[in-house]
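*Asks:* Structure below; questions to follow.
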Amino acid sequence: TWGIIGISLGGMVAMDWCREHPSDFSRLILINASAGNLSFPFERIRPLMVTRGIPSLFSADPLARETRILRMTTRLKQAEIATLALDWAKLAQARPIRTRTVISQLLAAALFRAPRAFTIPVLIASSAADRFTSPRCSQSLAHRFGASLVTHPQAGHDLPLDDPDWLSQQVRQWCDLSPAAHHNQTDS
Numbered sequence: 466t467w468g469i470i471g472i473s474l475g476g477m478v479a480m481d482w483c484r485e486h487p488s489d490f491s492r493l494i495l496i497n498a499s500a501g502n503l504s505f506p507f508e509r510i511r512p513l514m515v516t517r518g519i520p521s522l523f524s525a526d527p528l529a530r531e532t533r534i535l536r537m538t539t540r541l542k543q544a545e546i547a548t549l550a551l552d553w554a555k556l557a558q559a560r561p562i563r564t565r566t567v568i569s570q571l572l573a574a575a576l577f578r579a580p581r582a583f584t585i586p587v588l589i590a591s592s593a594a595d596r597f598t599s600p601r602c603s604q605s606l607a608h609r610f611g612a613s614l615v616t617h618p619q620a621g622h623d624l625p626l627d628d629p630d631w632l633s634q635q636v637r638q639w640c641d642l643s644p645a646a647h648h649n650q651t652d653s
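Numbering (our numbering), first residue to last: 466 to 653.
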């Protein structure tokens, strides 16, 4: 049995994939995702992220860019951010992302609209301390799809990075439920 998991823009891609190819996966897991037809723009990208986060994407210094982005999207300690930012900056230098690609991704996220429903079970994972996207976006998706909702009390936008053990446990428990139990299971 195959499932698909996506975080943020990756969640939008996963929703679109499941809409276009409904038999490809038997489960859908969305982490801190949003949709333009369900949430306000200032919930999808909080105002502080517009003024600080988006300009960071265009920084010419890969280490400074990755450090700023990690500070905004995670709740990691400074030493963890420094180590991870260095690794990601090296990757960015080896495989640079074009400005045109960043703009295309931002535009795709802004224009994304969630489908009406899915024929497969959906789990929504949210972060209460997300500084990038309001947790209300995840709540709106859960309501729309009649999906299970789990909320981490302290993680940031990059929940898999902030607390991979908690997320793995939530996904494992949800996957162990019978298919009928997946609908309308909401936890905090």
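Beta carbons: idealized from backbone N, C-alpha and C, even for Gly.
Return the chain-ordered ranges of every beta strand (DSSP E) run that is complete within the segment 538-568 and spans a minimum of 3 residues.
*Replies:* None, since the segment 538-568 contains no complete beta strand (DSSP E) of that length.
*Asks:* Can you list, in chain order, the residues of its chain whose CB lies under 6 Å from that of S605, leaving out five sequence neighbours each side?
*Replies:* To locate residue 605, count along the sequence shown from 1; it is residue 140. Only L503 and S504 meet the Cβ criterion.
*Asks:* Can you give me the C-alpha to C-alpha distance between D630 and L624, rounded to a whole angstrom?
*Replies:* On the sequence shown, residue 630 is found 165 positions in, with the first residue counted as 1. On the sequence shown, residue 624 is found 159 positions in, with the first residue counted as 1. D630 and L624: Cα-Cα distance of roughly 10 Å.
*Asks:* Thinking C-beta only, is T566 closer than 7 Å to G621?
*Replies:* Translated into the one-based positions of the sequence shown, residue 621 becomes position 156. Translated into the one-based positions of the sequence shown, residue 566 becomes position 101. In this structure, the beta-carbon distance from G621 to T566 does not fall below 7 Å.
*Asks:* So what does I472 bridge to, in DSSP terms?
*Replies:* Position 7 of the sequence shown, counted from the first residue, corresponds to residue 472. Beta-bridge pairing links I472 to I496.
*Asks:* So the alpha helix (DSSP H) L642 belongs to, where does it begin and stop?
*Replies:* As a position in the sequence shown, residue 642 is number 177, starting the count at 1. In the DSSP annotation of this structure, L642 is not part of any alpha helix (DSSP H), being labelled neither H nor E.
*Asks:* Could you tell me the alpha carbon to alpha carbon distance between N649 and T598, rounded to whole angstroms?
*Replies:* For the purposes of this step, residue 649 is identified with residue 184 of the sequence shown, where counting begins at 1. For the purposes of this step, residue 598 is identified with residue 133 of the sequence shown, where counting begins at 1. Unreliable positioning characterises N649 in this predicted model, as indicated by a pLDDT of 48, which lies under 50. A coordinate reading is not provided.
*Asks:* So, for A593: in the same chain, excluding its five sequence neighbours on each side, which residues have a beta-carbon less than 8 Å away from its beta-carbon?
*Replies:* The count along the sequence shown starts at 1 and reaches residue 593 at position 128. Within the same chain, A593 has close Cβ partners P600, T616, H617, P618, Q619 and A620.
*Asks:* Rounding to the nearest angstrom, what Cα-Cα distance links F507 and E545 in this structure?
*Replies:* As a position in the sequence shown, residue 507 is number 42, starting the count at 1. As a position in the sequence shown, residue 545 is number 80, starting the count at 1. Separation of F507 and E545 (C-alpha to C-alpha, rounded to the nearest whole angstrom) is 29 Å.
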